[in-house]
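Residue numbers (my numbering): 111 to 404.
Ideal placement from N, C-alpha and C gives every residue a C-beta, glycine not left out.
Given below as structure tokens:
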């Protein structure tokens with residue numbers, strides 16, 4: 111989460127040069143090149159059925175990143191990340207089977223309401239909010255189809271999904287930024303963004319997602335808006351209102367509460383995979399979907 115948000119802060123600094131769409135095109139394309147080179151997904155042959163989940167997963171990656179960067183043009187990093195969390199929040203609700211989980215979900219939802227442009231004191235751009243909500247929808251799709259694709263293809267899913275996303279977003283980035291997208295002086299910064307925001311965290315998440323229950327991992331990810339807000343404050347000087355900080359605080363409390371109650375119940379499985387279960391595949395009998403970062 112720290113890696114993703116630092117990468118997003120660095121990316122926001124590139125908007126003045128190539129715009130949000132140009133920046134996400136560089137990030138995704140470079141990350142795809144790195145992942146494909148390292149993971150070499152072409153070694154495995156796949157039938158048409160296998161490609162269905164991979165294609166939806168790749169499209170979700172493209173939409174999640176594109177809408178997120180579009181929202182950052184007008185709203186703070188921490189607020190955008192918190193609103194996008196509606197996607198994982200929805201998945202957490204659907205995966206929940208205990209009454210206490212809905213208490214934490216309700217608290218997180220209250221925090222999100224405090225971040226939306228509703229009522230007095232809501233100083234936030236509604237267009238940026240709309241982009242963040244769209245990103246949350248894509249995040250939910252990324253979770254569901256990432257689980258399916260990840261259990262079938264392991265880490266190679268990351269490379270394939272990123273390559274599909276690159277094919278979708280790069281033409282849009284070129285149309286928006288033009289030839290500026292090919293300036294060599296942007297390459298070092300673009301490479302740093304690709305590593306921090308895509309290559310490293312996506313690989314780590316794809317390794318973890320087959321083994322971590324959705325309801326626990328999904329709600330624990332609510333700490334990311336707080337990390338995002340701190341990164342935005344330190345690196346971008348983004349000051350949030352008292353209402354926005356209250357919303358973020360509610361989401362952090364959700365994370366703490368979920369951690370405590372999860373410790374009293376069944377283990378979340380973040381350690382070594384159970385005996386007989388491939389850590390790259392996970393328990394194929396589990397019906398729970400993963401929740402991973404943006």
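Of the residues the options, the one placed nearest residue i, counting alpha carbons only
i           : options            : result
residue 165 : 272, 126, 203, 320 : 272
residue 168 : 270, 214, 127, 243 : 270
residue 223 : 184, 353, 331      : 353
residue 112 : 312, 251, 257, 185 : 312
residue 266 : 118, 335, 317      : 317
residue 259 : 205, 217, 163      : 163
residue 152 : 364, 268, 293      : 268
residue 366 : 217, 234, 253      : 217
residue 314 : 333, 293, 343, 264 : 264
residue 95  : 310, 343, 257, 245 : The first residue shown for the chain is 111 and the last is 404, placing residue 95 beyond what the model contains.
residue 293 : 118, 347, 127      : 127
residue 179 : 347, 240, 343      : 240
7 Å CB neighbourhood of residue i in its chain, flanking five on each side removed
i           : result
residue 249 : 174, 194, 197, 198, 404
residue 125 : 133, 183
residue 129 : 286, 287
residue 247 : 197
residue 299 : 120, 124
residue 140 : 300, 301, 304
residue 337 : 111, 112, 115
residue 159 : none
Contact under 8 Å by Cβ, residue i with residue j
i           : j           : result
residue 361 : residue 192 : yes
residue 187 : residue 341 : yes
residue 279 : residue 123 : no
residue 306 : residue 146 : no
residue 308 : residue 242 : no
residue 276 : residue 138 : yes
residue 335 : residue 301 : no
residue 364 : residue 161 : no
residue 304 : residue 144 : yes
residue 136 : residue 345 : no
Contacting residues, own chain, Cβ-Cβ under 6 Å from residue i (five flanking each side not counted)
i           : result
residue 220 : 360
residue 236 : 227
residue 185 : 234, 235, 238
residue 142 : 272, 273, 276
residue 131 : 282, 283, 286
residue 172 : 275, 278, 279
residue 388 : Note that residue 388 scores 26 on pLDDT, short of 50, meaning its location in the model is unreliable; the coordinates nonetheless yield the value given after this. Counting only Cβ-Cβ distances below 6 Å, and skipping sequence neighbours, we find nothing.
Assumed close pair residue i, residue j - CB separation to whole angstroms, cut-off 8 Å
i           : j           : result
residue 320 : residue 261 : 5 Å
residue 291 : residue 284 : 6 Å
residue 210 : residue 371 : 5 Å
residue 170 : residue 255 : 6 Å
Cβ-based neighbour list, residue i, same chain, cut-off 8 Å, excluding 5 preceding and 5 following
i           : result
residue 154 : 263, 266
residue 156 : 164, 263
residue 333 : 111, 361, 362, 365
residue 310 : 113
residue 381 : Any reading at residue 381 must be qualified, since the residue scores a pLDDT of 30, below 50, and its modelled position is unreliable; the value itself is stated next. The answer is none, since no qualifying residue turns up.
residue 148 : 269
residue 347 : none
> Fully enclosed by the segment 266-318, which alpha helix (DSSP H) runs are 4 residues long or longer?
Replying inline: 266-287, 297-304, 310-318
> Whole alpha helix (DSSP H) runs in the segment 116-171 with 4 or more residues, listed along the chain?
Replying inline: 125-149
>> In chain order, what are the residue ranges of uninterrupted alpha helix (DSSP H) at least 4 long that sit wholly in the segment 165-227?
In response: 187-194, 196-205, 209-225
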